[in-house]
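In this note's numbering, the protein residues as written are 146 to 698. Reviewing the structure listed below.
Rendered as structure tokens:
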């Protein structure tokens with residue numbers, strides 16, 4: 146029991162991803178510099194990163210450079226990039242010229258030798274080094290992880306969602322701007338293998354007992370999904386054939402050498418998962434770069450085309466059945482892979498809208514369950530998550546200060562579950578889900594854009610539903626009372642919400658045991674039900690997420 150309780154709290158920690166309850170948080174200038182798309186950032190659009198990084202494991206020291214290619218969106222002379230202030234900047238160059246710069250917290254303001262004119266394409270190169278921040282509790286409290294494997298050998302990784310990729314390399318650390326492609330050149334000790342995102346283009350000897358690995362990402366990628374992994378890895382692979390058009394997708398697995406046999410057996414669940422996700426979500430977004438799982442010392446992270454996997458080849462969540470439907474699948478494989486669609490293909494501009502990544506990805510877990518185990522199991526799985534919602538703060542966080550909201554996983558998931566049944570047309574619903582993936586592919590979006598898309602495509606005005614679930618702490622409360630008058634039952638009901646003029650349809654059970662629709666509003670309404678006993682009355686709380694309050698009798 147102690148073990149299960151401990152793992153349950155670890156699981157809640159994973160869901161929270163640093164969603165600490167800070168209802169009256171005071172923001173600092175550092176928060177604004179990190180979270181705001183100010184004029185020093187909006188003036189240019191990053192098109193390509195060419196990152197070189199050498200990892201000195203013995204001294205926990207990194208050094209390298211990032212060449213940032215960009216297009217000027219406006220005329221400017223000063224631009225902001227970001228790098229944690231514990232890392233030193235040795236120089237910044239613009240062609241053959243050296244740039245002056247000043248640092249403020251983790252922001253770096255670079256004065257260029259010449260004015261950048263709108264539409265011009267140029268590049269700067271930042272040379273840096275230092276001892277990077279060590280992750281205290283990865284991936285939630287991230288940075289570099291310098292660990293040992295079970296045989297006492299070096300095993301290195303990086304995780305930085307929320308914290309920011311500027312914890313380990315210089316970049317424009319704002320979610321709104323992704324490079325169109327990226328090169329990751331990693332130099333590590335020659336007895337180790339380095340795995341990053343995308344495809345390995347080349348590996349070759351470097352100086353003094355080191356080796357260089359060049360990995361190329363051919364799609365847009367958000368900064369925190371860039372990662373490197375160093376260890377005694379071996380590789381095996383499979384091939385997946387798309388259920389949509391028959392295209393072949395390379396599936397690569399990088400695991401510690403002593404886990405090879407275990408991994409080959411465990412990762413057989415990947416192809417059925419791909420079939421489900423492509424059926425319901427649309428085609429896997431990164432065919433040219435392939436799909437990969439990389440064993441890590443920490444639990445997991447959705448690093449694009451190189452997903453971090455640390456669930457120890459167990460089913461459930463570290464062997465714990467949090468789902469309440471049985472230990473049928475590996476939570477980390479299914480959840481983190483879902484992020485290839487939600488978070489990596491469709492990405493938000495501001496971390497305040499992170500529910501689009503986490504909530505809809507968590508909803509994808511239920512899609513997987515429905516695909517493999519049936520609709521009833523998916524409903525059971527969904528309803529097991531209701532007790533994990535705190536309703537302490539809104540799902541959407543504060544904009545422009547690098548702040549994510551609360552309950553972004555489970556409440557976002559339950560909102561999508563509710564919307565499916567409000568739309569009440571499954572063929573249309575799955576068309577909408579696939580449409581989001583197609584119409585917003587490789588783009589950064591706002592929550593409002595996704596909300597409006599679902600409303601427009603469904604033909605229903607869902608604005609107030611989105612507002613109540615996302616922008617207020619409490620979901621709709623169904624307030625009702627029942628009065629028995631002989632063989633007749635009177636039911637009075639209404640929605641209690643922060644949003645004015647709220648209306649959302651739900652179902653109630655008739656005397657014959659069937660389910661009929663009603664549309665509660667903020668005004669009291671009455672149902673008069675003949676031949677109905679009070680103890681038999683029920684609103685549908687299985688296909689919808691809301692709170693209820695029986696106020697009278």
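Cβ coordinates follow ideal geometry from the N, Cα and C atoms, glycine included.
Inset, instruction - Give a yes or no on whether the C-beta atoms belonging to residue 354 and residue 335 are separated by under 7 Å. - result: Start at 1 with the first residue of the chain shown, and residue 354 comes out as number 209. Start at 1 with the first residue of the chain shown, and residue 335 comes out as number 190. Against a cut-off of 7 Å, the Cβ pair of residue 335 and residue 354 comes out as a contact.
Legend entry - Unbroken stretches of the beta strand (DSSP E), 3 residues or longer, contained in the region 417-501: 436-440, 452-454, 491-493
Legend entry - DSSP state of residue 687 mapped onto helix, strand, coil: By one-based count along the chain shown, residue 687 stands at place 542. Residue state, collapsed to three classes: coil.
Legend entry - For residue 405, the first and last residue of its enclosing alpha helix (DSSP H): Position 260 of the chain shown, counting from 1, holds the residue named residue 405. Per DSSP, residue 405 belongs to the alpha helix (DSSP H) from 405-411.
Inset, instruction - Might you give, ordered along the chain, the residues of its own chain that have their beta carbon closer than 7 Å to the beta carbon of residue 409, omitting 5 neighbours on each side? - result: The residue you call residue 409 lines up with position 264 of the chain shown. Here the set comprises 381.
Legend entry - Delimiting residues of the alpha helix (DSSP H) encompassing residue 594: Walking along the chain shown from the start, residue 594 turns up at place 449. Unbroken alpha helix (DSSP H) run through residue 594: 592-603.
Legend entry - Which residues DSSP lists as bridging residue 355, in chain order: Mapped onto the chain shown, residue 355 falls at position 210. According to DSSP, residue 355 bridges with 334.
Inset, instruction - With DSSP as the reference, label residue 363 as helix, strand or coil. - result: On the chain shown, position 218 is the one that residue 363 refers to. Of the three classes helix, strand and coil, the one that applies to residue 363 here is coil, per DSSP.
Inset, instruction - Check residue 321 in the structure and name its three-state DSSP category. - result: For the purposes of this step, residue 321 is taken as residue 176 along the chain shown, with counting starting at 1. Of the three classes helix, strand and coil, the one that applies to residue 321 here is coil, per DSSP.
Inset, instruction - Report the option in 229, 243, 400, 609 whose CA atom is closest to the CA atom of residue 295. - result: As a first step, residue 295 must be located in the chain shown, where it is residue number 150. Nearest of 229, 243, 400, 609 to residue 295, Cα basis: 400.
Inset, instruction - Tell me, to the nearest whole angstrom, how far the beta carbon of residue 304 is from that of residue 511; I am working on the premise that it is less than 8 Å. - result: Here residue 304 corresponds to residue number 159 of the chain shown, with the count starting at 1. Here residue 511 corresponds to residue number 366 of the chain shown, with the count starting at 1. Incorrect: roughly 26 Å between the Cβ atoms, too far for contact.
Inset, instruction - Select from 531, 506, 547 the residue whose C-alpha is nearest the C-alpha of residue 174. - result: Here residue 174 refers to the residue found at position 29 when the chain shown is read from its first residue. Cα-wise, what sits closest to residue 174 is 547.
Legend entry - Pick from 480, 536, 425, 363 that is closest to residue 433, judged by C-alpha positions: Numbered from 1 along the chain shown, position 288 holds the residue referred to as residue 433. Here the closest residue by C-alpha is 363.
Legend entry - Inter-residue spacing [alpha-carbon to alpha-carbon] between residue 652 and residue 682: Within the chain shown, numbered from 1, the residue matching residue 652 stands at position 507. Within the chain shown, numbered from 1, the residue matching residue 682 stands at position 537. Approximately 11 Å, taken between the alpha carbons.
Legend entry - N-terminal and C-terminal residue of the beta strand (DSSP E) that residue 274 is part of: Position 129 of the chain shown, counted from the first residue, corresponds to residue 274. That run of the beta strand (DSSP E) goes 266-275.
Legend entry - Per-residue DSSP class, three states only, for residue 613: In the chain shown, the residue the question calls residue 613 occupies position 468. Secondary structure at residue 613: helix, using DSSP grouped into helix, strand and coil.
Inset, instruction - Specify, as a first and last residue, the run of the beta strand (DSSP E) that residue 224 falls within. - result: The residue you call residue 224 lines up with position 79 of the chain shown. Residues 221-227.
Inset, instruction - Kindly identify the DSSP beta-bridge partner or partners of residue 699. - result: Past the boundaries of the shown model lies residue 699; the chain is included only from 146 to 698, so the question cannot be answered.
Legend entry - Counterpart residues of residue 350 in DSSP-defined beta bridges: Translated into positions along the chain shown, residue 350 becomes position 205. Answer by DSSP bridge pairing, in chain order: 356.
Legend entry - Residues near residue 270 in its chain [Cβ-Cβ closer than 6 Å; skip 5 each side]: Taking the first residue of the chain shown as position 1, residue 270 is located at position 125. Closer than 6 Å at the Cβ level, and outside the excluded window around residue 270, lie 210, 212, 238.
Legend entry - Where residue 589 falls: helix, strand or coil (DSSP): On the chain shown, residue 589 is found 444 positions in, with the first residue counted as 1. When secondary structure is reduced to three states using DSSP, residue 589 falls in the strand class.
Legend entry - Coil, strand or helix - residue 389 by DSSP: Residue mapping note: residue 389 aligns to position 244 of the chain shown, counting from 1. The answer is coil: DSSP assigns residue 389 none of H, G, I, E or B.
Legend entry - Exposure of residue 702, with buried meaning 16 or more beta-carbon neighbours within 10 Å: Examination of residue 702 is not possible in this model, given that the chain is present from 146 through 698 alone.
Legend entry - For residue 374, the residue or residues it bridges with in DSSP: If you number the chain shown from 1, residue 374 lands on position 229. Beta bridge pairing from DSSP links residue 374 with 302, 340.
Inset, instruction - Drop a sphere of 10 angstroms on the beta-carbon of residue 370, count the other beta-carbons inside from all chains shown, and report buried for 16 or more, exposed for fewer. - result: Within the chain shown, the letter at position 225 stands for residue 370. Classification of residue 370: buried, given that the 10 Å Cβ count is 16 or more.
Inset, instruction - Would you give the residue range spanned by the beta strand (DSSP E) that residue 647 belongs to? - result: In the chain shown, the residue the question calls residue 647 occupies position 502. First-last for residue 647: undefined, no H or E at that position.
Legend entry - residue 672 versus residue 513: straight-line alpha-carbon distance, rounded: As a first step, residue 672 is located in the chain shown; it is residue number 527 there, counting from the start. As a first step, residue 513 is located in the chain shown; it is residue number 368 there, counting from the start. Going from the Cα of residue 672 to the Cα of residue 513 covers about 38 Å.
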